[in-house]
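In what follows, a structure is listed as structure tokens, so that the remarks can point back to it.
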Amino acid sequence: MNFTVYFRSVSIMATADSVADFLCLVPNLPRWTKFFLQVGSANQGRYAVQTKFGEATTWIEQVRTEAGKQLIINSLIGNRLESAHINLTGENDNTQVTFEIRLPANWTLEQIESQLDQLQQELYQLKALVEIEYGLAQVSREINKQERLLGLSENRLNRTLFA
Numbered sequence: 226m227n228f229t230v231y232f233r234s235v236s237i238m239a240t241a242d243s244v245a246d247f248l249c250l251v252p253n254l255p256r257w258t259k260f261f262l263q264v265g266s267a268n269q270g271r272y273a274v275q276t277k278f279g280e281a282t283t284w285i286e287q288v289r290t291e292a293g294k295q296l297i298i299n300s301l302i303g304n305r306l307e308s309a310h311i312n313l314t315g316e317n318d319n320t321q322v323t324f325e326i327r328l329p330a331n332w333t334l335e336q337i338e339s340q341l342d343q344l345q346q347e348l349y350q351l352k353a354l355v356e357i358e359y360g361l362a363q364v365s366r367e368i369n370k371q372e373r374l375l376g377l378s379e380n381r382l383n384r385t386l387f388a
């Protein structure tokens with residue numbers, strides 16, 4: 226079967242490492258994509274999953290590239306290996322996430338547009354999830370930092386008062 230490759234992207238306000246950390250967790254897949262329905266137990270980094278096409282075994286590989294990182298979501302469905310590629314590029318707290326999707330060359334324009342629209346919605350869902358989790362992590366780090374500083378100030382004050 227012949228395929229045509231399409232790309233869809235979204236910009237996420239988080240570091241590439243944070244985005245990769247989120248994406249590399251197979252249990253996160255059903256949170257942002259409609260293809261993965263449930264994630265079961267892991268065996269040596271490979272997860273039993275339920276997909277739209279039935280049971281599968283899924284794992285994610287991470288590769289460094291000149292431009293950033295590439296994540297490869299591999300799913301063994303029956304005897305067929307399917308893979309999806311996600312490229313992460315960017316600097317600091319702005320990461321461009323580009324998803325590569327292969328669709329059958331004989332699909333109608335309506336089928337292609339429907340699938341690409343769904344993918345774009347999934348990328349927006351991914352953006353929301355990562356930005357919320359990344360933002361919460363930043364807030365938590367800042368609170369911890371402030372608590373440590375406050376603790377140091379209290380220790381100095383106590384030493385001064387009780388000296």
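Those letters in the sequence shown? Residues 226 to 388, per the numbering used here, in order. Glycine is no exception: its CB is placed at the ideal position from the N, C-alpha and C atoms.
Suppose the cutoff is 8 Å on Cβ atoms and the five residues either side in sequence are ignored; what does the same chain contact list for Thr282 look like? Cβ-Cβ distances below 8 Å link Thr282 to Arg271, Tyr272, Ala273, Val274, Ser300, Leu301 in the same chain, with the five nearest sequence neighbours on each side left out; the list follows chain order.
Query raised in the report: From the DSSP output, which residues share a beta bridge with Leu316?
Result: Position check: residue 316 holds Glu in this sequence, whereas Leu was assumed. According to DSSP, which records beta bridges pairwise, Glu316 is partnered with Asn319.
Segment limits, beta strand (DSSP E) that includes Trp284:
279-289 is the extent of the beta strand (DSSP E) around Trp284.
| Among Val251, Asp342, Arg256, Trp257, the one whose alpha carbon lies nearest that of Gly265 | Checked all of Val251, Asp342, Arg256, Trp257; the closest Cα to Gly265 is Val251.
| said: I'd like to check one pair, Ile337 with Ala309: are the Cβ atoms closer than 9 Å? | reply: Going by C-beta atoms, Ala309 is not nearer than 9 Å to Ile337.
Going by DSSP in three states, Leu354 sits in which element: helix, strand or coil? Three-state DSSP puts Leu354 in a helix.
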